[in-house]
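Below is one structure, written out as structure tokens; the observations come after it.
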Amino acid sequence: MPAAARWEHFDHGADIGVRGFGSTPVEAFEQAAMALTAVVTDPGSVRLQEVRRLQCKAPDLESLFYEWLNAVIYEMSIGHILFGRFDVTINEGQLTAALTGETVVPERHQPAVEIKGATYTELRVARESGGRWYAQCVVDV
Amino acid sequence: MDIGKLQRESAYRWRIQPAGAMRVPGILYADEALLRDMDDKVFTQLSNVACLPGIVGAAYAMPDAHWGYGFPIGGVAAFDPMQGGIVSAGGVGFDISCGVRTLTTGLPRERVEAVKAELAHELGRAIPAGVGSTGRIRLDESEMDAMLTGGALWAVSRGYGNAQDLERIEEGGQCLHAEPSAISQRARRRQRDEMGTLGSGNHYLEIQHVVEIYRPEVADGFGLGMGEIVVSIHCGSRGLGHQIGTDYLQLMVQAAPAHGIDLPDRELACAPIRSELGARYLGAMRAATNCALANRQIITHLAREAVGQYLPDASLKVLYDVSHNICKEETHVIDGEPRQLFVHRKGATRAFGPGHPALQETLRVHGQPVLIGGSMGTASYVLTGTLQSESLSFSSACHGAGRSMSRHRAARQWQGRQLLAELKARGVIVISPSMRGVAEEAPGAYKEVEAVVDLADQAGLASKVARLEPLICVKG
Chain A
361 MPAAARWEHF DHGADIGVRG FGSTPVEAFE QAAMALTAVV TDPGSVRLQE VRRLQCKAPD
421 LESLFYEWLN AVIYEMSIGH ILFGRFDVTI NEGQLTAALT GETVVPERHQ PAVEIKGATY
481 TELRVARESG GRWYAQCVVD V
Chain B
239 MDIGKLQRES AYRWRIQPAG AMRVPGILYA DEALLRDMDD KVFTQLSNVA CLPGIVGAAY
299 AMPDAHWGYG FPIGGVAAFD PMQGGIVSAG GVGFDISCGV RTLTTGLPRE RVEAVKAELA
359 HELGRAIPAG VGSTGRIRLD ESEMDAMLTG GALWAVSRGY GNAQDLERIE EGGQCLHAEP
419 SAISQRARRR QRDEMGTLGS GNHYLEIQHV VEIYRPEVAD GFGLGMGEIV VSIHCGSRGL
479 GHQIGTDYLQ LMVQAAPAHG IDLPDRELAC APIRSELGAR YLGAMRAATN CALANRQIIT
539 HLAREAVGQY LPDASLKVLY DVSHNICKEE THVIDGEPRQ LFVHRKGATR AFGPGHPALQ
599 ETLRVHGQPV LIGGSMGTAS YVLTGTLQSE SLSFSSACHG AGRSMSRHRA ARQWQGRQLL
659 AELKARGVIV ISPSMRGVAE EAPGAYKEVE AVVDLADQAG LASKVARLEP LICVKG
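Chains as they are written, first to last, in this note's numbering: chain A, 361 to 501; chain B, 239 to 714.
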């Protein structure tokens, strides 16, 4: 993993913000999705057993990030699945991703809370002055 | 919040003067102590709501108001469709028709104490809770449509509960004018195996006991006796509601320019009530409301089965079922004239007073029960609607305490196992699949519900009837 790629959470009242960093928007998107997993469980506890593929599209990077997180939340919700790896490509506003993970095992994952949806609050995809990208928003839990 | 920015109307009522694009004032029901603890964002969000087209009277904040999405949580606002009024997906929230249902049992606390551990275990087994849990009911497309239009009435017709239950649910257990065709395939798919599940976060099923009665004649009318056991359920419309919230928030943001709506905050996304999108959202939201009503009805049935195994003579009667994330079409008298308004209550409870024509006859004497949910280990309250709340807040009151600390901080401050041991020592058995979830929901991470309920009572929004404390809590 490139040194610039990492994720973190930030506080928002009753809910929680997810933020991913990377040397490209793609890395920042992948890391923010990892932060999403970390809202529910320790990403390190997720075994990489099943792959889900998804696509989404939007006219700009921020809208695409919002679509991306909601698409991941949807996959987590319908599959009762947690993901520990995200492989994203973005081509002309079209995002394609492979999500790798496993079905929730409550005893092992100790899942804290389910995520209802991504929000527009604190939604930003931008570059820091040092050139590193970040992608973030608050998610409703 | 900076109290200096507010005009004091009384010790319990404060005003934000209309400024800039605000069409009406903001009114906050709180005392100085509650206001000091309130986030400044409540001021901003309430002021933003006051700018929305067709708003009537004022934008109100209940005493438990805190920072939400677009609308503050604990926000109430009414819109007139005849004056370009809007409906807002953000003003309803992601968990459409999340609410509280309380059932009376008529049994004294001692009866539960005798079987407490076994009953707690059985409730934990019988009621699916937490991330990844699934219900036993699978609905095909036509059954899904029947559920989405029928609500609790549908659930009763399928054997979950009885007709008497429906008399004690808002709208008789069925929200009319639901439009299943306004719901996306994704929303339906998210609900496929989630009927009869509690969810996670602050959702719960609790066995509680009545520890204090403030108005004996009303408590008696509600079937609440001192020391008696009640069952309370707090949950909503599950994945279906979450996806409808997600879908329509985005559609309303995209359509705002075409509707001539300037959004100060994207989360305020809304559409005119008299627009195609507004009508579609209302149809979808009402269907999600039916989903929440059906869900609480199924969980009621599961709770009856579990309780019946250990207390076969228990008769679980619905005291009431209230939704606290919702937009309802209601008649309100403005300047002497009755008007049809669309009242948003985001983290607020409808609180009709005695004699209100929309209430079922058995409730008209004392007013509508207002159910205030606590959190694991803290008290819940039953209040009743007042006559004056109509002029104070479109007959609305608070819904709970609200968090005082983020999940992140709570998880750092407490450990799940230790909390469970502490609560057990205080006589509360908590059943949860996740110790991290328990830590994030620590009672200490919530504001004190007492201050919120006392303020609602003092301000006249609703009147305190009884205080409930938990004995068993099933958490997601």
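We treat Cβ as the ideally placed atom computed from N, Cα and C, and that holds for glycine.
task: Assign I376 (chain A) to one of three DSSP states: helix, strand, or coil.
output: strand
Any 3 or more C-beta pairs closer than 8 Å across the stretch 466-480 of chain B and the stretch 598-618 of chain B: yes
Margin query: Once the 5 residues before and after R484 (chain A) are set aside, which same chain residues still bring their CB inside 8 Å of it?
Written below: E422, Y494, A495, Q496 and C497
Pairwise C-alpha distance: V394 (chain B) and Q651 (chain B):
44 Å
- [ ] Determine, using beta carbons only, whether C413 (chain B) and T527 (chain B) come nearer to each other than 8 Å.
- [x] yes
**Study point:** Neighbourhood of S371 (chain B) by C-beta distance below 6 Å, restricted to the same chain and skipping five residues each side
**Key:** T435
Give a yes or no on whether the C-beta atoms belonging to T343 (chain B) and S618 (chain B) are separated by under 8 Å. no
Tell me the residue span of the beta strand (DSSP E) that contains S631 (chain B). Counting along the chain, S631 (chain B) falls outside any beta strand (DSSP E), though it belongs to the alpha helix (DSSP H) covering S627 to S631.
### Query
What are the start and end residues of the beta strand (DSSP E) that includes W428 (chain A)?
Careful: W428 (chain A) lies outside any beta strand (DSSP E), inside the alpha helix (DSSP H) at L421 to G439.
For this session: Give the secondary structure of Y398 (chain B) by DSSP, where H, G and I count as helix, E and B as strand, and everything else as coil.
Result: coil
* Please confirm if E482 (chain A) has its CB atom under 8 Å from at least one CB of chain B. => no
Report task. Starting from the beta carbon of N430 (chain A), find every residue of chain B whose beta carbon is closer than 7 Å, and list them in chain order. Result -> T484
Exposure label - V411 (chain A); buried when at least 16 CB within 10 Å: exposed
Output, in sequence order along the chain, the residues in the stretch 662-688 of chain B whose CB is closer than 7 Å to any CB in chain A.
P671, S672, M673, R674, G675 and E678
| said: List, from N- to C-terminal side, the beta strand (DSSP E) runs of 3 residues or more that fit wholly inside the stretch 465-515 of chain B. | reply: 466-473 and 508-510
Check your understanding: Under 8 Å between C-beta atoms, does W305 (chain B) make it to chain A?
Key -> yes
Q. Given H359 (chain B), which residues of its chain have a CB within under 8 Å of its CB, disregarding the five upstream and five downstream residues?
A. I669
Count the other C-beta atoms from every protein chain shown that fall within 10 angstroms of the C-beta of P319 (chain B), then say buried if there are 16 or more, exposed otherwise.
buried
task: Tell me where the beta strand (DSSP E) around A303 (chain B) begins and ends.
output: I293 to H304
Requested in this report: Using a Cβ-Cβ cut-off of less than 9 Å, list which residues of the stretch 260-285 of chain B approach chain A; keep chain order.
Outcome: D277 and K279
Exercise. Would you mind giving the Cβ-Cβ distance between A700 (chain B) and S627 (chain B), rounded to the nearest angstrom? I have them listed as a contact below 8 Å.
Key: 6 Å
Requested in this report: Please say whether M239 (chain B) and D269 (chain B) have beta carbons closer to each other than 8 Å?
Outcome: no
Practice item. Using 10 angstroms around the beta-carbon of D259 (chain B), count the other beta-carbons present and answer buried if the total reaches 16, otherwise exposed. Key: One detail in the question is off: residue 259 (chain B) reads as Ala in this sequence, not Asp. So A259 (chain B) counts as exposed.
Next on the checklist: Once the 5 residues before and after D431 (chain B) are set aside, which same chain residues still bring their CB inside 7 Å of it?
Outcome noted: T372, G373 and R376
**Message:** Does chain A have any CB closer than 8 Å to the CB of R645 (chain B)?
**Reply:** yes
Extent of the continuous beta strand (DSSP E) to which E660 (chain B) belongs
Element bounds for E660 (chain B): not the beta strand (DSSP E) but the alpha helix (DSSP H), G654 to A663.
Out of B:G322, B:I536 and B:C529, state which residue places its alpha-carbon closest to the alpha-carbon of D333 (chain B).
-> B:C529
### Task
Within the same chain, show all residues whose beta-carbon is closer than 7 Å to that of F446 (chain A), passing over the 5 residues directly before and after it, in chain order.
E390, A393, M394, A457 and L459
Quiz item: Checking contacts by CB at 8 Å: is S335 (chain B) closer than that to chain A?
Solution: no
> Less than 7 Å between the CB of V448 (chain B) and some heavy atom of the ligand FAD, yes or no?
Replying inline: No copy of the ligand FAD appears in this structure; indeed no ligand is present at all.
* Assuming G306 (chain B) and V473 (chain A) form a contact by the criterion Cβ under 8 Å, report the distance between their Cβ atoms to the nearest whole angstrom. => So it is not a contact: roughly 17 Å between Cβ atoms.
Strictly below 7 Å CB to CB, what residues from chain A border Q505 (chain B)? The displayed chain sequence assigns Glu, not Gln, to residue 505 (chain B). Result: T479, Y480 and T481.
*asked:* For chain A, check one thing: does any of its Cβ atoms lie closer than 8 Å to the Cβ of S438 (chain B)?
replied: yes
Reference M385 (chain B), options B:N533, B:A494 and B:A315, closest by Cα: B:N533
Could you tell me which residues DSSP puts in a beta bridge with C565 (chain B)?
-> B:H582
**Whole-angstrom C-beta distance between V691 (chain B) and L630 (chain B), which should lie under 8 Å** = Contact flag wrong, Cβ pair sits at about 16 Å.
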